[in-house]
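K.L.:
So the sequence shown is numbered by my numbering: it starts at 1 and just counts up by one. C-beta: ideal position from N, C-alpha, C; glycine also. Below you will find the structure I want to go over with you.
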Amino acid sequence: MKETKEGEEKRLGPSNIGYKLLKKAGWSDGEALGKNQDGIKSPVQPSLQKGRAGLGKVVKEVSRKKRKAAEPGDAACGDSKVVCAKRRREAEIEERRRKQQVVEMYREFREPDAGAEQFHPLKSKSRLSATNPLLDD
Numbered sequence: 001m002k003e004t005k006e007g008e009e010k011r012l013g014p015s016n017i018g019y020k021l022l023k024k025a026g027w028s029d030g031e032a033l034g035k036n037q038d039g040i041k042s043p044v045q046p047s048l049q050k051g052r053a054g055l056g057k058v059v060k061e062v063s064r065k066k067r068k069a070a071e072p073g074d075a076a077c078g079d080s081k082v083v084c085a086k087r088r089r090e091a092e093i094e095e096r097r098r099k100q101q102v103v104e105m106y107r108e109f110r111e112p113d114a115g116a117e118q119f120h121p122l123k124s125k126s127r128l129s130a131t132n133p134l135l136d137d
C-alpha cells in the first residue's frame with residue numbers, strides 16, 4: 001500500500017497476489033495482522049537499500065577518463081588493435097598445439113604395443129618357467 005500526501009493509505013486490490021494470500025490465510029480487509037489482531041494494518045513499504053555488498057567489499061572507483069578511454073577492442077590487451085590481434089592469433093596457435101599434443105598422447109596410450117603382447121604373462125603357453133624358484137620338484 002502506498003501512502004498519499006494526505007496520509008491516506010491505498011488499499012490492496014483484490015487482484016494483488018498478496019491480498020489473495022492474506023485472504024486465504026483468514027485475513028479480513030481492514031483488520032490488523034496477527035492472532036490477536038495487534039499487528040500492523042498496512043503492509044511494509046519496500047525501500048531500496050544501498051551499500052549492502054557485504055563485509056570486506058572494496059569498491060574501486062574508476063575515473064571517467066579511464067571509462068571513456070576503454071573501448072571494447074582495447075579492453076582485452078590494452079594495446080593497439082594490431083598488437084591485440086597478433087597476441088590473440090599466437091594464443092590460438094598455442095592452444096591448437098597443446099590440443100594436438102593431448103590427442104597424440106591419448107593415441108599413444110590407446111594403441112596397443114606390438115611387442116607387449118608377446119610377453120604377456122597370462123597369454124603365454126607355459127605359465128611357470130623351469131627356472132622358477134617357486135617350483136618344488
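Output the distance between the C-alpha atoms of residue 42 and residue 58, rounded to the nearest integer angstrom.
P.N.:
In the sequence shown, residue 42 corresponds to position 42, counting from 1. In the sequence shown, residue 58 corresponds to position 58, counting from 1. Those two C-alpha atoms are separated by around 38 angstroms.
K.L.:
With DSSP as the reference, label residue 83 as helix, strand or coil.
P.N.:
Taking the first residue of the sequence shown as position 1, residue 83 is located at position 83. Three-state result, residue 83: helix.
K.L.:
Can you check whether the CB of residue 33 is closer than 9 angstroms to the CB of residue 40?
P.N.:
Translated into the one-based positions of the sequence shown, residue 40 becomes position 40. Translated into the one-based positions of the sequence shown, residue 33 becomes position 33. Against a cut-off of 9 angstroms, the Cβ pair of residue 33 and residue 40 comes out as a contact.
K.L.:
In whole angstroms, what is the alpha-carbon distance linking residue 17 and residue 54?
P.N.:
In the sequence shown, the residue the question calls residue 17 occupies position 17. In the sequence shown, the residue the question calls residue 54 occupies position 54. C-alpha separation (whole angstroms): 31 angstroms.
K.L.:
Check whether the Cβ of residue 133 lies closer than 8 angstroms to any heavy atom of the ligand FMN, and answer yes or no.
P.N.:
Absent from the structure shown: the ligand FMN. Ligands present: none.
K.L.:
If you follow the alpha helix (DSSP H) that residue 23 is part of, which residue opens it and which one closes it?
P.N.:
The residue you call residue 23 lines up with position 23 of the sequence shown. That run of the alpha helix (DSSP H) goes 17-24.
K.L.:
Any idea what DSSP makes of residue 102, helix, strand or coil?
P.N.:
Taking the sequence shown and counting its residues from 1, the one referred to as residue 102 is at position 102. Residue 102 falls in the helix class under three-state DSSP.
K.L.:
Would you identify the three-state DSSP class for residue 90, choosing helix, strand or coil?
P.N.:
Here residue 90 is taken as the residue at index 90 of the sequence shown, counted from 1. Helix.
K.L.:
Among residues of its own chain, excluding the 5 on either side of residue 204, which ones have a beta-carbon nearer than 7 angstroms to its beta-carbon?
P.N.:
Summary: the structure shown does not reach residue 204, with the chain confined to residues 1 through 137, and so no result is reported for it.
K.L.:
To the nearest angstrom, report how far apart residue 105 and residue 87 are at their CA atoms.
P.N.:
The residue given as residue 105 occupies position 105 in the sequence shown. The residue given as residue 87 occupies position 87 in the sequence shown. Going by the C-alpha atoms only, they are around 27 angstroms apart.
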